[in-house]
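*Asks:* I have a structure I would like to understand better, so I am pasting it below and will then ask my questions one at a time.
Residue numbers (this note's numbering), protein chains in the order written: chain A, 10 to 285; chain B, 10 to 285.
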């Protein structure tokens, strides 16, 4: 049955609504894995045309086709409005958002969520097989269809209800959005001294690489975990931007509090390198 | 002259003081690049023995040899004390710290800094050729010797005085230490909901990968830059840990302030994926 479900995907009419980064990458992931996309539908004709030409997928900005599965890949605030365009009742509709509940979809169809946990940029190639997909559906059959579909793209497909999805999204905000903002603030500091930010890329790469092997809590280094007040004071005296100072203080306080129970005189580890 | 300096490195007696992560990786980087290390010296016999056996470098925890170059790779607070052990006056001494000034070294020798910008873990292999080395010395000759030495290991060797080094270190704290702490806090959140942290690794990798090609400021995504108060409120309601809440608010405020000048109604980009 599982097998027939999978081959069924080849005959299922799929329409993707949206022409942004997520819509583009989903359309690409489908076509690369021999899952035909019957239409991409959106407002921006230029974007649609570009995707259509690259992936050989028909597009429209006027007439949404009758499909069996609609995947809505638009921004959170538009999902409800866009979902009203779907008049077909005998279909499955999925949005792709981490922080919108399933019942934001408005219509007499079966509602679901098809959430890929990744940050998408149109110009950047992605290895789709590594992207985790989180699925939510009304019933077991719909769940099975979406799981099979996602499994054709990725090795990591899981069920997650709206509540769990919120926490996944929140975790991603810490591990992705906030991390990127730290890079942006770090670059402000190095730019101010004419130090090329490229010098920091090997360190940044290694920091990320490390947590593939070591728990982030165990990988922590730096002046705050060493309780090195001398360095902390020097750094504070160098910072002049109010937001940089707030981040500096908040992060150091948080680091100190995380390790306060573990702290002993031996924490002053001679092997710790000062920069890290 | 440059050439003779480089070949001179093969005959220069080098001692490394310390047996931690930095000492180990420097000793390894030297020996891998055919620069003989005459001794590693430190307090911890077990660590010294282990390094000595792996790299075939003599060690001692009692008698520091007479060398032409001593590289002190111990923790910041011990540099001054350790440097007093060097009695040889006709030598060059370098510490490896990002946040300690050159004159922390105490003795009648020539003082310098040999600062590798990387986070070192003993068990993790590193591509030494990518590590930036920042050099500071008393005079041009010493600078040349250390630059040549670093150039045998790495493609990125630069001069940086103590003032510049402080900013390099501060930037590294934002881009490495704080980033790792965000990973640790993110993992707390996912752990609390039994969501495997491994699911976030492709997203984390892509976030870091991205800034090799795109300025971090331009790569920013997420609810704060979209001014998505609905999602920001949901997230705040999910967080219960005081430090997590402080980080959440501080980072979002900082993101909002960074983009406030750029903001226009068009910032609400339909192509932005909610998670990112």
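Idealized CB from N, CA, C, for every residue including glycine.
Since the model is a prediction, treat every value here as computed from it, not as a measurement.
(1) Around the C-beta of residue 20/B, are 16 or more other C-beta atoms found within 10 angstroms, so that it is buried, or is it exposed?
(2) Out of 246/A, 26/A, 42/A, state which residue places its alpha-carbon closest to the alpha-carbon of residue 136/A.
(3) According to a CB-to-CB cut-off of less than 9 Å, which residues of the segment 188-201 of chain B neighbour chain A?
(4) Are the beta-carbon atoms of residue 174/B and residue 256/B separated by less than 8 Å?
(5) Given a cut-off of 8 Å on the beta-carbon distance, is the pair residue 229/A and residue 264/A in contact?
(6) What are the partner residues of residue 48/B, as DSSP defines its beta bridges?
(7) Thinking just about the alpha-carbon of each residue, which of 118/A, 203/A, 131/A is nearest to the one in residue 63/A?
(8) Work out the CA separation of residue 53/A and residue 157/A for me, nearest whole Å.
(9) Hey, does residue 231/A have any beta-carbon neighbour from chain B nearer than 8 Å?
(10) Can you give me the C-alpha to C-alpha distance between residue 185/A and residue 150/B, rounded to a whole angstrom?
(11) Using a Cβ-Cβ cut-off of 8 Å, state whether residue 22/A counts as contacting chain B.
(12) What beta strand (DSSP E) runs, 3 residues minimum, are completely inside the segment 164-223 of chain B?
(13) Determine the burial state of residue 178/A: buried for a count of at least 16 other Cβ atoms within 10 Å of its Cβ, exposed for fewer.
(14) Closer than 8 Å by beta-carbon distance: list the chain E residues that pair up with residue 130/B, in chain order.
(15) Helix, strand or coil: which one does DSSP assign to residue 125/B?
(16) What are the residues that DSSP puts in a beta bridge with residue 39/B?
(17) Give me the DSSP bridge partner(s) of residue 102/A.
(18) May I ask you to report which of helix, strand or coil DSSP gives residue 96/B?
(19) Please compile the residues from chain B whose C-beta is within a distance smaller than 7 Å of the C-beta of residue 68/A.
(20) To be precise: take each residue of the segment 157-187 of chain B, compare its Cβ to all Cβ atoms of chain A, and keep it if any distance is under 7 Å. Which residues remain?
(21) Any contact between the segment 67-78 of chain B and the segment 20-30 of chain B? By contact I mean 3 or more CB pairs, one from each, below 8 Å.
(22) Report the residues of the segment 241-261 of chain A with a CB closer than 7 Å to any CB of chain B, ordered along the chain.
(23) Can a CB atom of chain A be found closer than 8 Å to the CB of residue 263/B?
(24) Ordered along the chain, which non-local residues of its own chain (more than five positions away) have a Cβ less than 8 Å from that of residue 208/B?
(25) Ignore the nearest five residues each way along the sequence and tell me which others in residue 159/B's own chain have a CB closer than 6 Å to its CB.
(26) From the DSSP secondary-structure annotation, give me the bridge partner or partners of residue 146/A.
(27) Using a C-beta to C-beta distance shorter than 8 Å, which residues of chain A count as neighbours of residue 48/B?
(28) Strictly by DSSP, which residues pair up with residue 68/B?
(29) Residue 61/B CB to nearest chain A CB: under 8 Å?
(30) So residue 51/A and residue 87/A are supposed to be a Cβ contact under 8 Å. How far apart are they, rounded?
(31) Let me see if you follow: with CB-CB separation under 8 Å, is residue 85/B close to chain A or not?
(32) Name, please, each residue of chain A whose Cβ falls closer than 7 Å to the Cβ of residue 216/B.
(33) If residue 171/B sits next to residue 111/B, beta carbons under 8 Å apart, how far is it from one beta carbon to the other, in whole angstroms?
(34) Which two residues bound the contiguous alpha helix (DSSP H) that contains residue 84/A?
(35) Measuring straight from C-alpha to C-alpha, what distance separates residue 101/A and residue 89/A?
*Replies:* Well, looking at it:
(1) Taking the first residue of the second chain as position 1, residue 20/B is located at position 11. Counting Cβ neighbours within 10 Å, residue 20/B comes out exposed, since fewer than 16 surround it.
(2) What you label residue 136/A is simply residue 127 of the first chain in a count that begins at 1. For residue 136/A, the nearest C-alpha among the options comes from 42/A.
(3) Listed in sequence order: 188, 189, 190, 191, 192, 193, 194, 195, 196, 197, 198, 199, 201.
(4) In the second chain, counting from the first residue as 1, residue 174/B sits at position 165. In the second chain, counting from the first residue as 1, residue 256/B sits at position 247. Contact flag unset, no.
(5) As a working note, residue 229/A is residue 220 in the first chain. As a working note, residue 264/A is residue 255 in the first chain. Yes, Cβ-Cβ distance for residue 229/A and residue 264/A is below 8 Å.
(6) Within the second chain, numbered from 1, the residue matching residue 48/B stands at position 39. DSSP, once it has assigned bridges, lists 24/B as partnering residue 48/B.
(7) In the first chain, the residue the question calls residue 63/A occupies position 54. Ranking the options by Cα distance to residue 63/A, first place goes to 131/A.
(8) One-based indexing of the first chain puts residue 157/A at position 148. One-based indexing of the first chain puts residue 53/A at position 44. So the alpha carbons of these two residues sit roughly 30 Å apart.
(9) Here residue 231/A is taken as the residue at index 222 of the first chain, counted from 1. Interface criterion met: the Cβ of residue 231/A is under 8 Å from a Cβ in chain B.
(10) Your numbering for residue 185/A matches position 176 in the first chain. Your numbering for residue 150/B matches position 141 in the second chain. Inter-residue distance for residue 185/A and residue 150/B is about 45 Å (C-alpha atoms, whole angstroms).
(11) Locating residue 22/A in the first chain gives position 13, counting from the first residue. False, the Cβ-Cβ gap to chain B never drops below 8 Å.
(12) Runs of the beta strand (DSSP E) inside the segment 164-223 of chain B: 166-168.
(13) As a working mapping, residue 178/A is identified with position 169 in the first chain. Taking all protein chains in view, the Cβ of residue 178/A is crowded by 16 or more other Cβ atoms within 10 Å, so the residue is classified as buried.
(14) Protein chains A and B are contained in the structure displayed, whereas chain E is not.
(15) Sequence index remark: in the second chain, residue 125/B carries index 116 (1-based). In the three-state DSSP reduction, residue 125/B falls in the strand class (E or B).
(16) Along the second chain, read from residue 1 onward, the residue named residue 39/B stands at position 30. Residue 39/B is not bridged to any residue.
(17) Here the question's residue 102/A lines up with position 93 in the first chain. Beta-bridge pairing by DSSP links residue 102/A to 79/A, 120/A.
(18) In the second chain, the residue the question calls residue 96/B occupies position 87. The answer is coil: DSSP assigns residue 96/B none of H, G, I, E or B.
(19) In the first chain, counting from the first residue as 1, residue 68/A sits at position 59. Near residue 68/A there are no residues of chain B at all, since even the closest Cβ is about 15 Å away, more than 7 Å.
(20) So the close ones are 165, 173, 175, 176, 177, 178, 179, 180, 181, 182, 183, 184, 185, 186, 187.
(21) With a cut-off of 8 Å, the segment 20-30 of chain B and the segment 67-78 of chain B count as touching, because enough Cβ pairs lie within range.
(22) Residues passing the 7 Å Cβ filter: 243, 244, 247, 252, 255, 256, 259, 260.
(23) Looking up residue 263/B in the second chain gives position 254. Closer than 8 Å to some Cβ of chain A, the Cβ of residue 263/B qualifies, so yes.
(24) Position 199 of the second chain, counting from 1, holds the residue named residue 208/B. Contacts found: 199.
(25) Counted from its first residue, the second chain places residue 159/B at position 150. Excluding its 5 nearest sequence neighbours in each direction, residue 159/B has C-beta neighbours in its own chain below 6 Å: 142, 166, listed in chain order.
(26) Here residue 146/A refers to the residue found at position 137 of the first chain. Per the DSSP secondary-structure output, residue 146/A pairs in a beta bridge with 121/A.
(27) The residue labelled residue 48/B in the question sits at position 39 within the second chain. Correct list: empty, because the minimum Cβ distance to chain A is about 18 Å.
(28) In the second chain, counting from the first residue as 1, residue 68/B sits at position 59. DSSP, once it has assigned bridges, lists 49/B as partnering residue 68/B.
(29) Locating residue 61/B in the second chain gives position 52, counting from the first residue. So no, residue 61/B is outside the interface.
(30) Here residue 51/A is taken as the residue at index 42 of the first chain, counted from 1. Here residue 87/A is taken as the residue at index 78 of the first chain, counted from 1. Rounded to whole angstroms, the Cβ separation of residue 51/A and residue 87/A is 11 Å, and the two are not in contact under 8 Å.
(31) The sequence position of residue 85/B within the second chain is 76, counting from 1. Closer than 8 Å to some Cβ of chain A, the Cβ of residue 85/B qualifies, so yes.
(32) The sequence position of residue 216/B within the second chain is 207, counting from 1. Within chain A, the residues near residue 216/B are 128, 185, 188, 189.
(33) Along the second chain, one-based indexing puts residue 171/B at 162. Along the second chain, one-based indexing puts residue 111/B at 102. Contact check for residue 171/B and residue 111/B: beta-carbon distance about 6 Å, within the 8 Å limit, so the pair qualifies.
(34) Taking the first residue of the first chain as 1, we reach residue 84/A at position 75. First-last for residue 84/A: undefined, no H or E at that position.
(35) Mapped onto the first chain, residue 101/A falls at position 92. Mapped onto the first chain, residue 89/A falls at position 80. Rounded to whole angstroms, residue 101/A and residue 89/A show a C-alpha spacing of 15 Å.
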